[in-house]
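The structure under discussion appears below in the form of structure tokens.
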Amino acid sequence: MARLKEIVIDCDIPSRVAQFWAEALDGYEVMPYDDDELARLAALGLTPETDPTVIVEGPGTRLCFHLRQGERPDRNRLHFDIATPARAREVERLLSLGATFVREADGYTVLNDPEGNNFCVASE
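Right, here's the structure in full:
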């Protein structure tokens with residue numbers, strides 16, 4: 016079985032949208048950047064304001080604000096990431112429930128639900 020790991024929201028300026036939701040939701044905050052993460056971003060020519068992926072954590076499900084890579088008719092602006100200790104077995108189970116395979120990526124599998132909405136299955 017799988018658990019809801021995070022809700023991923025594609026947006027044009029992740030830091031701005033993440034800050035909005037961190038302030039809008041009780042108990043949520045933008046995940047702080049430690050020195051290692053700041054150094055990693057700097058090496059890529061990025062700052063927290065231009066980070067393509069900003070995480071907001073709180074008492075419920077984690078929110079991940081991700082830089083939208085242009086218009087893609089095959090991709091939702093909002094999707095679920097689910098995590099499981101046995102990804103291959105969980106993918107097979109979801110396919111048997113009516114999901115369809117989209118693609119394999121590094122560390123996760125992209126599927127569509129029965130109405131064509133993307134979601135990702137990641138290893139815990």
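16 is the number of the first residue of the sequence shown in our numbering; add one for each residue after it. Cβ atoms here follow ideal geometry from the backbone N, Cα and C, with glycine treated the same way. Just so you know, these numbers come straight off a predicted model, no measurement behind them.
- The Cβ atoms of Leu93 and Leu109 do not sit closer than 9 Å to each other.
- Residues of the same chain with a CB within less than 6 Å of the CB of Ala37, apart from the 5 flanking positions on each side, are Tyr43, Glu44, Val45 and Val71 in chain order.
- Straight through space, the alpha carbons of Ala57 and Ala17 are spaced by roughly 35 Å.
- Collapsing the DSSP output to three states places Ala58 in a helix.
- Taking Cys135 as the centre and dropping the five residues before and after it, the same chain places the C-beta of Asp96, Tyr123 and Val125 closer than 6 Å to its C-beta, in chain order.
- By a beta-carbon distance limit of 8 Å, His81 does not contact Pro63. Their separation comes to about 15 Å.
- Distance from the CA atom of Pro47 to the CA atom of Glu86, rounded to whole angstroms, is 29 Å.
- Shown here for Val32: same chain residues with a beta carbon closer than 6 Å to its own, the five before and five after excluded, namely Cys26 and Phe80 in chain order.
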